[in-house]
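To keep things clear, I will list the structure first and then write my remarks on it.
In our numbering, the protein residues as written are 25 to 231.
This is how it looks when you write it as structure tokens:
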């Protein structure tokens, strides 16, 4: 049986992580799941898609997380789901969707703690994409048609949100090299070379 190709991508805002994920998927001939996870999770869970957009990659304020995840892992995604805070419902629905997709097909997952969702039962490569501040501000400003000062504000806000979300729901640290298999500075080597590097790593990991 052919080994499945699964890559999870964590990313600093403005580092080109989404673009790298999409290009990598195209090069490998598989699907990339980023915002697509919102639609897929909404469909699977029956929750409104707008709820997923509102709570996407945002940490919950509830201290019941450990109890909730233990219940989920022991009894399945439907166990007590309606009694949980919406943020936890969204997290666990995406958690479940990521695992279902990984069981069915090769895939690239961008964000959403995918590496944590797959940690025990799947063979995958976890990647973190970073970049220097100047490159990130330039990319954000161009993509959103805003000033660089506004881009910097957006960059700091989004990184804080992603970090808080990841650190809350996992036992690792967002952006810490020890949390990933491969860390890449896209500002140094560019988007295309970053994709080449991941593909080379996948080939070495397959041996």
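No residue lacks a Cβ here, since even glycine has one placed at the ideal position from N, Cα and C.
If you're wondering where the values come from, they're calculated on a predicted model, not measured in any experiment.
Name the residue from the options whose alpha carbon lies nearest to the alpha carbon of residue i.
i: residue 219; options: 155, 169, 46, 58; result: 46
i: residue 133; options: 208, 212, 36, 61; result: 61
i: residue 198; options: 224, 212, 143, 135; result: 135
i: residue 155; options: 130, 188, 212; result: 212
i: residue 157; options: 36, 203, 139; result: 36
i: residue 196; options: 141, 59, 166, 208; result: 141
i: residue 143; options: 183, 162, 123; result: 123
i: residue 204; options: 59, 160, 222; result: 222
i: residue 146; options: 127, 159, 183; result: 127
i: residue 160; options: 28, 214, 59; result: 214
i: residue 202; options: 139, 115, 42; result: 139
i: residue 41; options: 183, 115, 188; result: 183
Does DSSP classify residue i as helix, strand or coil?
i: residue 99; result: Because the pLDDT of residue 99 is 38, which lies under 50, any placement of that residue in the model is unreliable, and the number read from its coordinates should be weighed accordingly. In the structure shown, residue 99 sits in a helix (DSSP, three-state: H, G or I).
i: residue 59; result: coil
i: residue 121; result: helix
i: residue 225; result: helix
i: residue 93; result: With a pLDDT of only 43 at residue 93, under 50, the local geometry of the prediction cannot be trusted, and no value is derived from it.
i: residue 140; result: helix
i: residue 86; result: With a pLDDT of 42 at residue 86, under the threshold of 50, the predicted position of this residue should be treated as unreliable, and no value is reported.
i: residue 104; result: At residue 104 the pLDDT is 49, less than 50, meaning the model places this residue with poor confidence and gives no usable figure here.
i: residue 214; result: helix
How about residue i and residue j: are their beta carbons less than 7 angstroms apart?
i: residue 34; j: residue 152; result: yes
i: residue 64; j: residue 55; result: no
i: residue 68; j: residue 32; result: no
i: residue 193; j: residue 137; result: yes
i: residue 39; j: residue 173; result: no
i: residue 206; j: residue 225; result: yes
i: residue 180; j: residue 164; result: no
i: residue 229; j: residue 149; result: yes
i: residue 131; j: residue 208; result: no
Could you check whether the Cβ of residue i sits closer than 6 angstroms to any heavy atom belonging to the ligand NAP?
i: residue 48; result: Looking at this structure, you won't find the ligand NAP or any other ligand, since it has none at all.
>> Runs of 4 residues minimum, wholly inside the segment 147 to 205: which ones carry the alpha helix (DSSP H) assignment?
In response: Listed in chain order, they are 157 to 168, 172 to 193.
>> As an exercise, report each continuous alpha helix (DSSP H) stretch of at least 4 residues that is fully enclosed by the segment 25 to 57, in chain order.
In response: As far as the segment 25 to 57 is concerned, its whole alpha helix (DSSP H) runs of at least 4 residues are 41 to 52.
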